[in-house]
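Report on the following structure.
Written out as structure tokens, the structure reads:
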């Protein structure tokens, strides 16, 4: 698809009709950019048209290049192989100027794309006590995380290894302010013939880990179909999305900020003046309009282990707001942004922004509550087709990974509401993009092509957007 870059007012208005935007919210949603004397309609979006990649991996704008960081099946430094289905990621500052990249793998027990090999022949190379679920020795859970040390100056991978093992369907997650990755299981599989453990938990992997970490399920953060998390560094509260068509939006208040294993309280978001709100906007009677800022409250979740996987159903009955497949989430500029993959009237996606209270997680927040805003709602799959993982770029644009039908794109949203295509999956499978994240030095965008098991490092003239 041709890039949607234009400086014309006609094109901008056509775009605005196809994607409903809370423009006031978007101006604050990202870092403000000064365009003195220039109207929003005259500001070009993006980096220009996409150029065809002769190697059929990813089409990018002129001037951008990519490097394949790793493929599923590549040997790693610990004797395992790179697992398949790479998903959520985050990048951290490492030693000697290196970037530490932690990457999820959305694999189920018995997958032949496991890091242990097709027949689990490499299992003996790791400490079996570091497997969360060994699967009775026959079907160890194949998900988990891998850690890569990458040099953005040379484009070289220095080492890569398994850092969490024996978990299942690690989908997304999120970075913490204390330099760790929270990885989420998108499954509620129970212990039984295949699994030794119940699944559906969040685990923590420090960026400084030098091998397999001890797999500690953060059970107070709830057992449900997890997707992503984001941490408010001011309050220490953790926010969580649920990948269900009728999911909730959660908040975890830790007993000790930064020490999640010491437990805390799990809560679900409520519209303060509209209990039981349905935010999906699937019906003709739209309940939430773009740009509307809604005061919220939070209700405690009592049964966080949810043996029957009915936490979201009980929560909605008690007044919690309902969301359409909460997926990717990112913290930045004092706010939490999250995507609902099939929200909106054509079920092609919504982007929400949560403004935490300055008294977040304390009794005083009742007088100064947090607010929620629907910032983007897709009305045209040609612009945004099922937003999944998201990140905020160093210059303020939102970068969205699509997980829709047909061609898959990396989509940018500017502070002024401009929509542009930054990358197109040029592989034969048209797989989803996942795990978009920028290196701490801002030079490199890392992203996965999930079905092909590819992790990419993209560099180029990012300054064209910064200078805008």
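Residue numbers (this note's numbering): 230 to 697.
Note that beta-carbon positions come from the ideal geometry of N, C-alpha and C, so glycine has one too.
Source: prediction; values computed, not measured.
With residue 641 as the anchor, note down where its beta strand (DSSP E) starts and where it stops. 638–642
Kindly provide the ranges of any beta strand (DSSP E) runs that are 3 or more residues long and lie completely inside the segment 291–329, ordered along the chain. 294–300 and 315–322
Candidates 502, 346 and 441: closest to residue 598 by CA position: 502
Identify, in the order they occur along the chain, each residue of the same chain with its Cβ nearer than 7 Å to the Cβ of residue 493, setting aside the five sequence neighbours on each side. 449, 481, 482, 483 and 484
Between 423, 441, 287 and 372, which has its C-alpha nearest residue 413's C-alpha? 372
According to DSSP, is residue 532 helix, strand or coil? coil
Answer yes or no: do residue 456 and residue 400 have a C-beta to C-beta separation smaller than 9 Å? yes
Taking all protein chains shown into account, do 16 or more other C-beta atoms lie within 10 angstroms of the C-beta of residue 518, making it buried, or fewer, making it exposed? exposed
For residue 576, count neighbouring Cβ atoms within 10 angstroms of its own Cβ and tell me buried if that reaches 16, exposed if not. buried
Residue 396 and residue 430 closer than 9 Å at C-beta: yes
Cα separation between residue 335 and residue 538? 20 Å
Suppose you measure from the CA of residue 331 to the CA of residue 547; what does that come to, to the nearest Å? 37 Å
How far does the alpha helix (DSSP H) with residue 543 in it extend, from its first residue to its last? 540–546
Nonlocal neighbours in the same chain, by C-beta distance under 6 Å from residue 309, ignoring five residues either side: 344, 351 and 391
Pairwise C-alpha distance: residue 687 and residue 693: 15 Å
Relative to the C-alpha of residue 438, which residue among 323, 535 and 656 is closest? 323
Residue 607 versus residue 366: straight-line alpha-carbon distance, rounded: 46 Å
Can you tell me the Cα-Cα spacing of residue 280 and residue 288, whole angstroms? 6 Å
Just to check my reading of the structure: residue 415 and residue 472 have Cβ atoms closer than 8 Å, yes? What is that Cβ distance to the nearest angstrom? 6 Å
Contact the segment 669–684 vs the segment 283–298: 3+ CB pairs below 8 Å: yes
Taking Cβ to Cβ, would you say residue 315 is nearer than 9 Å to residue 570? no
Hey, out of 524, 375 and 311, whose CA is closest to residue 333's CA? 375
Classify residue 383: buried if its beta carbon has 16 or more other beta carbons within 10 angstroms, exposed otherwise. exposed
So who's on the other strand from residue 391, going by DSSP bridges? 375
Going straight from the alpha carbon of residue 487 to that of residue 459, what length do you get? 13 Å
Is it true that the CB of residue 600 sits closer than 9 Å to the CB of residue 524? yes
Collapsed DSSP secondary structure at residue 679 in the structure displayed: coil
Thinking C-alpha only, which one of 453, 305 and 565 is nearest residue 466? 565
Span of the beta strand (DSSP E), counted from its first residue to its last, around residue 650: 648–654
At a cut-off of 8 Å, is residue 641 close to the ligand MG when judged by its beta-carbon and the heavy atoms of the ligand? Judged by which ligands are present, the structure shown has none, so any question about the ligand MG falls away.
Integer Cβ distance of residue 435 from residue 445, believed to fall under 8 Å: That pair is no contact at about 12 Å.
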